[in-house]
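Just so you know, the sequences run in chain order V and P. Each residue of the first sequence is one higher than the last, beginning at 1010 in my numbering. Each residue of the second sequence is one higher than the last, beginning at 1010 in my numbering. Structure first, commentary second.
Protein chains: 2
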Amino acid sequence: MQVRYKFWLEDREHVFGEGLFELLQEIEQRGSLSEAARSLHMSYRQAWGQVKKAESRLGQKLLLTRVGGETGGGAELTPAGKWFLQRFQLFKHEAGAAVEAAFQRYFG
Amino acid sequence: MQVRYKFWLEDREHVFGEGLFELLQEIEQRGSLSEAARSLHMSYRQAWGQVKKAESRLGQKLLLTRVGGETGGGAELTPAGKWFLQRFQLFKHEAGAAVEAAFQRYFG
DNA sequence: ATACGATATGTTTTTATATACATAACCATT
DNA sequence: AATGGTTATGTATATAAAAACATATCGTAT
């Protein structure tokens, strides 16, 4: 038996969770939303919609995109995007460890 | 902004989570599955199925039921049912507090 | 015997979510 | 001007999860 868990941030509605976290991570290191989506085996449509929804709910941009040009276009994280990515990383690492520890204490 | 979280136990498949926890809690203090379901605003069918599935996956009974009689019938927790109820209560309390603390540290 | 309140299940319908499909616009390069 | 790779979006379809519906059985009390 093992414990499973999920964390996410809400502001009345879901705004930031594991899915967006992984997506931003990939975008940061690839410089492209479509490439990030491909590497996560999700459709571009889905990835784009996820970002768009979060931005609208947060009231701030997470991506700075450009269309056309030699590479076709691209995307990079705004400062806000980087901030969320970094914070969520630290948060989920710490919270996850605590949950695992509690699980061991009561079911291990 | 606030943090939200979910914990559950798996043994290859989902076996015990918040829904079952609340259900067992109500059954324990009401002595009836149908009454517990009503108080949680869920259908008897749903509640019964949830227990049945968990029992099958855990390989042990969580409820001791009786049908007919003056009250129509009833249900009470087996020792295993009580054990899971109690352990999960303690676990989720502790884990939840830790998650909230981590959230405050990084987003508070 | 009938009624009542509970457990016990199978089946159908609805709802929500995710996936797929389709198309347009942009712009450096060839 | 045609191409390629991207961002950008609307719409339709499929899948899964939840809710609703429908019955059967059981045992005490009336």
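Heads up, the beta-carbon is just placed ideally off N, CA and C, and yes, glycines get one too.
Between residue i and the rest of its own chain, which residues show a CB-CB distance below 7 Å, the 5 nearest in sequence each way excluded?
| i | result |
| --- | --- |
| V1012(V) | V1108, E1109 and F1112 |
| S1075(P) | Correcting the residue type first, residue 1075(P) is Arg in the shown sequence and not Ser. The residues are G1082 and G1083. |
| E1031(V) | L1049 |
| F1116(P) | M1010 |
| A1104(P) | F1016 |
| A1089(V) | Q1069, K1070 and L1071 |
| E1079(V) | none |
Under DSSP, the beta strand (DSSP E) around residue i begins and ends at which residues?
| i | result |
| --- | --- |
| K1015(P) | Q1011 to D1020 |
Specify the secondary structure class of residue i as computed by DSSP and reduced to three states.
| i | result |
| --- | --- |
| L1071(V) | coil |
| H1050(P) | coil |
| G1078(P) | coil |
| G1117(P) | coil |
| H1023(V) | strand |
Could you spell out the range, first to last residue, of the alpha helix (DSSP H) harbouring residue i?
| i | result |
| --- | --- |
| L1086(P) | Taken as a continuous stretch (DSSP letters only), L1086(P) belongs to no alpha helix (DSSP H), being part of the beta strand (DSSP E) at G1082 to L1086. |
| G1040(V) | Taken as a continuous stretch (DSSP letters only), G1040(V) belongs to no alpha helix (DSSP H), as it is neither H nor E. |
Can you give me the Cβ contacts of residue i inside the same chain, cut-off strictly under 8 Å, excluding the 5 residues immediately before and after it?
| i | result |
| --- | --- |
| L1086(V) | L1033, I1036, E1037, L1071, L1072, L1073 and L1094 |
| R1039(V) | A1045 and S1048 |
| E1027(V) | K1015, F1016, W1017 and K1101 |
| K1091(V) | E1037 |
Just confirm the distance between the C-beta atoms of residue i and residue j, as a whole number of angstroms; I'd bet it's less than 8 Å.
| i | j | result |
| --- | --- | --- |
| A1056(V) | L1042(V) | 6 Å |
Near residue i, which residues of its chain fall below 6 Å by C-beta distance, leaving aside the five closest residues on each side in sequence?
| i | result |
| --- | --- |
| Y1053(V) | S1043 and A1046 |
Report yes or no: do the stretch 1056 to 1067 of chain V and the stretch 1016 to 1028 of chain V share at least 3 C-beta pairs separated by less than 8 Å? yes
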